[in-house]
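Protein chains in written order, with my numbering: chain X, 1 to 153; chain G, 154 to 306.
The structure appears right after this line, and notes come after that.
2 protein chains.
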Amino acid sequence: MAAVQQESATRLAADTWESLFRAQVAVMRKLQAGAAFKSIPLNEYDVLFTLSQCPSGWLRLNELNDQILLSQSSLSRMVERLEKRGLVERTTAPEDGRGVLLSLTEAGRALQREVGLSHVRDIAGIVKPALTPAEQRELIRLTDKLRDSVRTR
Amino acid sequence: MAAVQQESATRLAADTWESLFRAQVAVMRKLQAGAAFKSIPLNEYDVLFTLSQCPSGWLRLNELNDQILLSQSSLSRMVERLEKRGLVERTTAPEDGRGVLLSLTEAGRALQREVGLSHVRDIAGIVKPALTPAEQRELIRLTDKLRDSVRTR
DNA sequence: GGGTGATAGATGCAAATGCATCTAAATTGG
DNA sequence: CCAATTTAGATGCATTTGCATCTATCACCC
């Protein structure tokens, strides 16, 4: 009996992830086809966006890496490319000679804002007709809770 | 007033996607670090899994492509690799000479089962402590609803 | 039925990715 | 205070990815 409950709890957890993942794939496909990402790939936009959200304006490379689904080496090279294109600025961290601090340049901030507007429009076009505001708030609550749990263990 | 409500509804939709996406990234990071994916990358497992779920056992390449977050050409080549490794079988579709039908070989099915077990364990270890069963069911309802809405428009 | 356009996959090629490894800076332990 | 370990990020290299394009089959329509 306990084994059965254990089994179905595990099954439920797997179904939860499966559903979350498939929804993410479906939305992502739509977004990538949308207008916002002709100018810049989603991964790169995500870097610009994350930097734009950062309160101090500067973020450590490894902290950025936690937010982004990319290996350390790939992120290192992507940031190198973004710097070469003048969208991002790099400095060695003042308190840690190994570390690298990143921030948006003015051009990077401008591009993020521009793409971001278009991106938000695309998202709204997908999410608003799918879920009521109350459902959206509940979904935020649940996914935030899930993420917090992952980060703190 | 209407403009303001419009504005905040758009904002809410963007926040919803943001939260869903970040949760997905956080869980995915954990999963990729887990034991299940030493033997096979997640993308490839996803192909095996999707084929294993298919009722008839056969799936068209383009239908598979809808489920998987990969370009058509990348999927084409990945399937080529999987075939070369003896995990997947290809046939030309009987009713459409352009189409390709896919199914798991016995080896592919065995690998999917093996990795799947380990994968499900990893997922349960992440999801169960994060959300109650009721919350998980609600999350499934919302993400299914979102995905259905995306697919039908 | 034959031409016209659409659709399913494959392929050449340049760019991006990840693994393993390397360097340099910081932390730890004696 | 120095050796040993850990951590942050960069780099060589093989693999994977996506874009553009190509081929082959199918669908449409006059």
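Where a beta carbon is used, it is the ideal one built from N, C-alpha and C, also for glycine.
Keep in mind the model is a prediction, meaning the values are calculated, not measured.
- In the three-state reduction of the DSSP assignment, T258(G) falls in the coil class, being assigned neither a helical nor a strand state.
- Straight across, the Cα-Cα distance linking N65(X) with Q72(X) is about 7 Å.
- A straight line joining the alpha-carbon of A167(G) with that of D199(G) spans about 27 Å.
- For I279(G), the closest Cβ of chain X is nearer than 8 Å.
- Ranking V280(G), S256(G) and A283(G) by CA distance to the CA of C207(G) puts S256(G) first.
- Within a 10 Å sphere around the beta-carbon of A246(G) sit fewer than 16 other beta-carbons, which makes this residue exposed.
- Cβ neighbours of G252(G) within its own chain (closer than 6 Å, five residues either side excluded): R213 and A246.
- Taking a Cβ-Cβ threshold of 9 Å, none of the residues of chain G is close to T105(X); the smallest such distance is about 23 Å.
- In the DSSP annotation of this structure, the continuous segment of the beta strand (DSSP E) that includes R243(G) starts and ends at V241 to T245.
- For the pair S192(G) and I140(X), the CB atoms are not nearer than the 8 Å cut-off.
- Annotation: Cβ neighbours of E291(G) in chain X (cutoff 8 Å, chain order): E138 and L142.
- Counting C-beta atoms within 10 angstroms of its own C-beta, E44(X) has 16 or more neighbours from the protein chains shown and is therefore classed as buried.
- Interface residue (Cβ-Cβ distance to chain X less than 8 Å): P194(G) is not classified as such.
- Under the Cβ criterion of 8 Å, S302(G) is counted among the residues facing chain X.
- Sixteen is the threshold: since fewer than 16 other Cβ atoms of the shown chains lie within 10 Å of the Cβ of D249(G), the residue is exposed.
- The DSSP-derived three-state label of R213(G) is strand.
- As computed with DSSP, V100(X) is found in a beta bridge with T92(X).
- It is roughly 11 Å from the alpha-carbon of L235(G) to the alpha-carbon of A260(G).
- Closer than 8 Å to the CB of Q24(X) there is at least one CB belonging to chain G.
- Annotation: Cβ neighbours of P133(X) in chain G (cutoff 8 Å, chain order): A162 and L165.
- Annotated as distal: T258(G) and G278(G), with beta-carbon spacing of 8 Å or more.
- By the neighbour-count definition (other C-beta atoms within 10 Å, threshold 16), D301(G) is an exposed residue.
- Counting along the chain, the unbroken alpha helix (DSSP H) around S73(X) starts and ends at Q72 to K84.
- Only those residues of the segment 59–93 of chain X whose C-beta falls short of 9 Å from the nearest C-beta of chain G are listed: D66, Q67, I68 and L69.
- Put simply, the CB of A283(G) is near chain X, with a gap under 8 Å to one of its CB atoms.
- With its beta carbon at least 8 Å from every one in chain X, F190(G) lies outside the interface.
- If you draw a straight line from the Cα of L69(X) to the Cα of R182(G), it comes to about 7 Å.
- Taking T305(G) as reference, the option from F37(X), A130(X), V88(X) and Q112(X) with the minimal CA-CA separation is A130(X).
- In this structure, the straight-line span from the alpha carbon of D275(G) to that of G187(G) is close to 7 Å.
- Between A176(G) and T132(X), the gap from beta carbon to beta carbon reaches 8 Å or more.
- When Cβ-Cβ separations below 8 Å define contact, L20(X) makes contact with chain G.
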